[in-house]
Each structure stands twice: as structure tokens, then as C-alpha cells.
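One structure below.
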Amino acid sequence: MKYLLFILFGIFFVTTNSFPVENDINNLKYGYKGCPTGEKDKLNVHLVCHTHNDVGWLKTVDQYFYGANNTIQNAGVQYILDSVVQSLTHDPKKKFIYVETAFFSRWWNEQHDSMRHAVKKLVCNGQLEFIGGGWSMNDEAAAHYNSIIDQMTLGLRVLNDTFGKCGVPKIAWQIDPFGHSREQASLFAQMFFDGLFFGRLDYQDKDNREQTKTMEHIWKGSANLGAKGDLFTGALPNSYSPPAGFCFDILCNDAPIMDDPELKDYNVEQRISEFINIAENQAKLYATNHIVMTMGNDFNYQNAATWFKNLDKLIKYVNEKQSNGSRVNVFYSTPSCYLQALNQANQTWTAKLDDFFPYASDPHAYWTGYFTSRPSLKRYERVGNNKLQSKLLFTEGFKKQLTARADIEEITLDFLKKAMGIMQHHDAITGTAKQHVTDDYYQTLAAAIETCHDIVNEAYEKFLLKNKSAPVLKQYFCNYLNISECPISETSSPIAVTIYNPLAWNATHYVRIPVSAKAYKVMDYNGNTVDAQIVPLPPSVYKIPGRNSTAQFELVFETRLPALGYATYLIRNSTSQVVRNKQASIIKLKADEDWILKNKFISIFVDGKSGLLKQLQLANGSNLTVSQSFYWYIGMNGNNSKFENRASGAYIFRPNGTEPINLGNNVTITLVNVRFYGEIFFLG
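Numbered by mature numbering (1 follows the signal peptide of the UniProt record, and there is no 0), the letters in the sequence shown go through residues -18 to -1, 1 to 666 in order.
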């Protein structure tokens, strides 16, 4: 069956009662309530303790959570959360932020009640703060805004249902995506985030912003929304890493702070001097006397004590230097507390109106390769989004027919929501994960889509059973329409095809169904005959690996769909000569003959000699000359040891030279004369 490509926009927040952590939630310190204020005459350094946990990258999601396959990467998220919670519980002055709800939710579900109560107390006291809060940290180039909204909704719902007001994130945190879109800023503003911090921006843009002290600014996310689309935005100083030399994780090799004077390697004076120098230099790049340092990195804090023990010493000895004239004042903080300090600084900020695309990390590394890397995965994510949205509308429409409570709970399909949330991750939809991880994404999404199919099929059949006038039908999904394969439509007659329209207005859509016979009759839900044609498939389709189909044609007809509804069309084989004569014909052009493809909006002129487009004519009579060619760029080989040795790959698009290879100025084309429209079905 064919489905419309549709867009559903919605942000949902669920309000829950506060938890019995304290009698009066207003006295707790979550959000901005427990923030350190800093000092007016000091350089206030906000230490943000954090970990960045990719929802799949070098290892699969499961491997990352459990710490499996550590020969690839030493990373175990469950140990990070165990360790951090233990450290925070022992010292109320310490703070930590967490981002990826997909991992936190899994960890939370494994905890006993006493641990859950302790964590709720940490959250409501402002020690453990959720930042961003989406199911994953989504990409901003390859992800569709519909799916971004869905994954953010899922993550925020889980946090809100678990922690109430205490768990609502106030800051968006996009520290690792490979460039940033204005639309993403607009979405965050509409989700009521107070600010956004990110890590990656073009190296030239960063140099300029550091020189002009404009690393922080107001991002105007929408020309239409005005102030409602504005969002305070800051670029972090070290992407999301600690200052050079001050990584205290078990994965790092930087020297710890050794403060026993009797030690031969006593290094307090040296380390504190180095840190103060870094802080003063960073302050030269920012506009206020408040600066932020991200103290963490990928999968850090598996042993949180190594971090906190050294940061405690750092805070103590740096602040002691104030008695000797130092102005550096260091303390544990969070991105929301840092934003509050900037807001209270009464600073005038510059405005940003466009995207942070493309992102280049150096002169030879423009991160635009991932725009198209693993296109089949990108397409499959769109299929998943399609299934998720149609499922939601379909099941809503039939809820009244499903009286048993178990039936209503069964159609929630959290499995598909979570799988789609993972797919938005900036190493998933981008196509930048390792192959075995990408295979795992495919498998998870496939299983989730199949579950969706089962539930929709069951809901539809229950609806038909309750509708005494409806015929007894079995509901199926055609999963391989992208290769023109559908066993049901190829072998069965009659069949009923149901098409959904989730749009809030009536719509028309051309449906293409793989078929094996040469004549069919199509009727709408009122029994009226629908004009249809048989269109031959390109011969190249027959050769697609894995295609198991005898179909050499597609049945094409126009459907008319009600707003937020569906329509069913009946298709049966026909021996009528009238129907048979409606087959589309293949047109063979002469070398000096042009061909025109047109509808009521535009006419496309194809050069009969070259087979390439030559002219467009709009309905208003405007003519546009078109020059079409086909080119190929050879990727640059390299070992990435130096900037000039950057290799082209999944992340980076870098051609070997500036001139592409011309594949020729002549192509072979086959034109199909469809009564509804003209079609070029093969270029080669």
C-alpha cells in the first residue's frame, strides 16, 4: 500500500504532581533556585560536570549502556550513573548534568525504590540537573523537524512523568552535532527552553567570534514568530571538553592535583597557576565576568570520584589565591546557572539570523559528507516516521471501537517511539556510526515497525468486526514498495487498498501499486469507477538485488482523501478491452525531436538529441533555460595525520581536486506517455 508523506506538528507536556521528597517543593533548589551567584569583582568560573553519551556510535546502544565490547571503546553508561549518584549523595555542594533520556530511562527502570527516592532528592535539590532532555541529542541537518519534535516530546514526557517540575530541562544542549540549524533554535524556543549551548562551529566563525567577544548571542530562530522564536545561544570554549591538561577522568592521562607537600611530585602551585592562566585567557574571549568550563567528555565519570576529588582541590586552591590578588573564583555550576548569571549581567547581545552550516573543523574538513551518507538508512528513518504518525492517527480514530482497556494500552507503541528517538541521534540518522552499529539501528527500527503493523492490523480488523456491514478482510502492509514489490497486489484479486491522510485538509494523491496483470478496474468507496493506467517499470528495477517479484507494471490512479481520514479503493482484474487500452505507452524519440512533460503548473522540455533537460516554462509564461549535466567527484584519500591529509568519508565531503569528472553530455532516456502526466522513467 502507498502512504502519503505527511507532517504532524505537536509538542506535548504532561503535568504531574510533585514527589514526596519534601513537604514544600517551593523550598527546593531545582532549576535556577539553587544557583551560585558568583562575585561582582571576580572572574567567576562555572565548572559544569557532564558526560556525553552517544546513543550508538562506535558501539551499539546496548553495548554502551552495559559497558560491553570495551575492546572498541571503554564506555559503560550504567556505571557512570551509578558512580555520579553516589558522589552527589555524599556531598550536597557537587552538581552534575545529564542529557540523554534514552540511557537514563533504562538505568532508572533497573533501580530499586530507595535509589529512586535518593535520585529524586538530588534532582529536586538541584544537584542532578537534566539538560536538553530529548531521547537523544538529535542531528540538525539530516533529521526531519517532525521526528525532532517527537523525540524531544518522548524524552521530556519521561522526565516530567518521573520528576515533575524538578525534572523539566531549561537549557538545550547540542554539544556534538555537526553544525546547527536556525530551525532547531526556533523549535527549542517554541518548546520554552531559556537558552541553547553548543560545541561545534566553523573554525573561522569561531576565530572571529572570539576576537569580537560574540561567542554568546541572541539567535533569532524565525522571521515569522518574532520574539517567540528568539533564543539565547552560546558557543562553548572547548567544544565540550575540559581545558587542556585538566581532564581528571580514568580515561585521561592528565596529571592529578597532588597536594601533599611532602611528595616529590607535589604540584599544586604549578597546576593552579596553569588553571588561572587558562581562565584569564578564556575571559578575554567572552563578554562578561562569568565564563563556563565543561569538565567532562565522551563517556566520562565511570569513576566519578576521580573527577570530583580533583575538582574539589582545584576549587579550594584556586580560590585561596584570591588572598594574593587573584580574581579567579571557581565553583560547581550548571548551564542553567551560567545562563542566569549572564542574564543578570545586563549585557547587550548581538543577533544571529542564519544557520551554523556548513561546519568546518579546519581548512580541509567541511562536515557535509553526512548530509548523504548511508542514504538507505536516512530513507528508512522517514519510513519509520511515516508509520509512527499514521499509527497515531489510525489508532486515535478507532479508539472508540476498542472498548477493552487492554486494547487501548496495547496501541501506545512505545517501542516505535523509542526506536525513532534513537534514530534522530547525531551518529544515527547522519550515517556516521560504525557498520555493526548501523546494522543494529536497522534491526531495532525494523522490529519496531513490524510491531506497529501488527497493532494497526489488529485495530483495523476489530473495527471491521464491529461494523456489521463491512466485508471480512485481512489487513496487510506492503513493505517493499520502494523496489516495486507487493505479493498481495501481484497475486490477489480483488484487493482493497486503504490510504491515510493525516493532513488537516482534503488531499489528492497518486497511488502506485505493483501488479502482474495488464488490466485492472478500480472503484472508490462509493462504487464509482476510478480512472487508472498500467505503467511499465524500468528494466533496471528487475535487477535490484533481493527483489522477489514478477511485477513488471504499476497500477497508477488518483485518490481523493478526506482531512484527517482515510479512503479505501477496490481493485480487481479486468478483461475489458476498454480498460486494457488505458495502458501507458512508451515513446521513442527521434534524435531531432524534443519532448514536453507538463501539468497545469509547469512544462519541462527535454532535448531529444542529448536526453537532457533544456527548458522550463511556468504557467505564467516565464521561460527558464536549463543546463543539465552529470558529474562525479573522486573522494580524497588521506590518513588524517595533518589538515592537508584529510580524507573524504562519512563525515567529511572532500573531493580529490576542484574539477569533477563529466559523465557525458548524452544520456539514454525512455519516456512514458501517462494520461495523467508525462514520466521519464530511466536515465542511463
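Don't be surprised by glycine CBs; every beta carbon is placed ideally from N, CA and C.
Just so we're clear, the structure is a prediction, and the values are computed from it rather than from any experiment.
By Cβ distance, which residues of its chain are closer than 7 Å to residue i, with the 5 residues on each side in sequence left out?
i: L207; result: S168
i: H272; result: G20, N26, H28, Y320, A323, L324 and A327
i: N648; result: S592 and G593
i: V608; result: L595, K596, Q597 and L598
i: L233; result: N56 and N282
i: S69; result: K76, A286, A287 and F290
i: G58; result: Y48, G49 and Q284
i: T532; result: E472 and S498
i: P476; result: L552, I553 and R554
Give me the Cα-Cα distance between residue i and residue j, rounded to the nearest whole angstrom.
i: K210; j: L178; result: 15 Å
i: residue 693; j: Y424; result: A question about residue 693 goes unanswered here, because the residues of the chain that appear run from -18 up to 666.
i: G203; j: A217; result: 16 Å
i: Q515; j: F539; result: 7 Å
i: P18; j: F313; result: 8 Å
i: I54; j: L40; result: 7 Å
i: C229; j: Q284; result: 13 Å
i: E122; j: N107; result: 32 Å
i: P357; j: N510; result: 40 Å
i: N530; j: N461; result: 12 Å
i: E262; j: V310; result: 8 Å
i: P224; j: H34; result: 12 Å
i: D471; j: N621; result: The residue you asked about is not Asp; residue 471 is Ser in the sequence shown. The alpha-carbon atoms of S471 and N621 are separated by roughly 51 Å.
i: F459; j: H435; result: 7 Å
i: D506; j: D336; result: 47 Å
i: V150; j: I651; result: 57 Å
i: R139; j: E111; result: 16 Å
i: L552; j: T473; result: 15 Å
i: K369; j: K103; result: 39 Å
Relative to the C-alpha of residue i, which candidate in the options has its C-alpha closest?
i: G49; options: M277, Q60 and W39; result: Q60
i: N655; options: W577, R361, S630 and T426; result: W577
i: A489; options: T541, A533 and P496; result: T541
i: Q534; options: Q599, Y507 and E467; result: E467
i: E302; options: S343, D280, T288 and I254; result: I254
i: Y524; options: Q597, S308, G639 and N464; result: N464
i: G116; options: N107, Y442 and F170; result: F170
i: I495; options: G509, T511 and P469; result: P469
i: S585; options: F338, P340 and Q597; result: Q597
i: D184; options: W155, S221 and G149; result: S221
i: S343; options: I258, G181 and F290; result: G181
i: T330; options: D231, G149, Q457 and H199; result: H199
i: F160; options: K246, Y352, N190 and T332; result: Y352
i: A84; options: Y482, I526, Y46 and T71; result: Y46
i: E443; options: T480, E192, I411 and D421; result: T480
i: A478; options: Y548, V67 and A410; result: Y548
i: Y502; options: A237, A545 and T557; result: T557
i: K582; options: N602, D589, A287 and G590; result: N602
i: L543; options: T276, W487, S372 and W89; result: W487
i: K11; options: K188, W201, M173 and T316; result: T316
i: T32; options: L63, N51 and D23; result: According to the sequence provided, residue 32 is His. The question's Thr does not apply to it. Among L63, N51 and D23, the Cα nearest to that of H32 belongs to L63.
i: N605; options: Y613, F587, S87 and C148; result: F587
i: G278; options: K266, P518, V66 and I643; result: V66
i: Y155; options: F175, L141 and T144; result: Tyr is not the amino acid found at residue 155; the sequence shown has Trp there. Of the listed residues, the one whose Cα sits closest to W155 is F175.
Please confirm whether residue i has its beta-carbon closer than 8 Å to some beta-carbon of chain B.
i: L463; result: Here there is only one protein chain, and chain B is not present.
Less than 6 Å between C-beta atoms, sequence neighbours within five positions excluded: which residues of the same chain meet that for residue i?
i: N249; result: M240
i: P637; result: Y615
i: S355; result: G413 and A632
i: D44; result: none
i: L136; result: W117, K399 and G403
i: G646; result: none
For residue i, which residues in the same chain have their Cβ closer than 8 Å to its Cβ, ignoring the five residues on either side in sequence?
i: P74; result: N107 and Q109
i: R628; result: D344, H346, A347, M618, G620, N622, I634 and R636
i: D574; result: G590 and K591
List, from N- to C-terminal side, the beta strand (DSSP E) runs of 3 residues or more that fit wholly inside the segment 258 to 337. 272 to 277 and 310 to 315
Contained alpha helix (DSSP H) runs [length at least 4] in the segment 147 to 175, N- to C-terminal order: 164 to 172
Which runs of the alpha helix (DSSP H) at least 4 residues long sit entirely within the segment 478 to 529? Give them in chain order. 521 to 524
Can you check the segment 184 to 209 for any beta strand (DSSP E) of at least 3 residues that lies completely inside it and give the ranges in chain order? 198 to 202
Any chance the segment 95 to 104 sits against the segment 126 to 135, with 3 or more Cβ pairs inside 8 Å? no
Does the segment 340 to 355 come within contact of the segment 286 to 304, defined as at least 3 CB pairs closer than 8 Å? no
Ignoring anything shorter than 3 residues or poking outside the segment 4 to 39, list the beta strand (DSSP E) runs there in chain order. 25 to 31
Write down every uninterrupted run of the alpha helix (DSSP H) in the segment 574 to 647 whose length is 4 residues or greater and which is fully enclosed by it, in chain order. none
Enumerate, from N- to C-terminal direction, the unbroken beta strand (DSSP E) stretches of 3 or more residues contained entirely within the segment 208 to 263. 212 to 217
Which ranges would you report for the beta strand (DSSP E) in the segment 392 to 444 if only whole runs of at least 3 residues count? none
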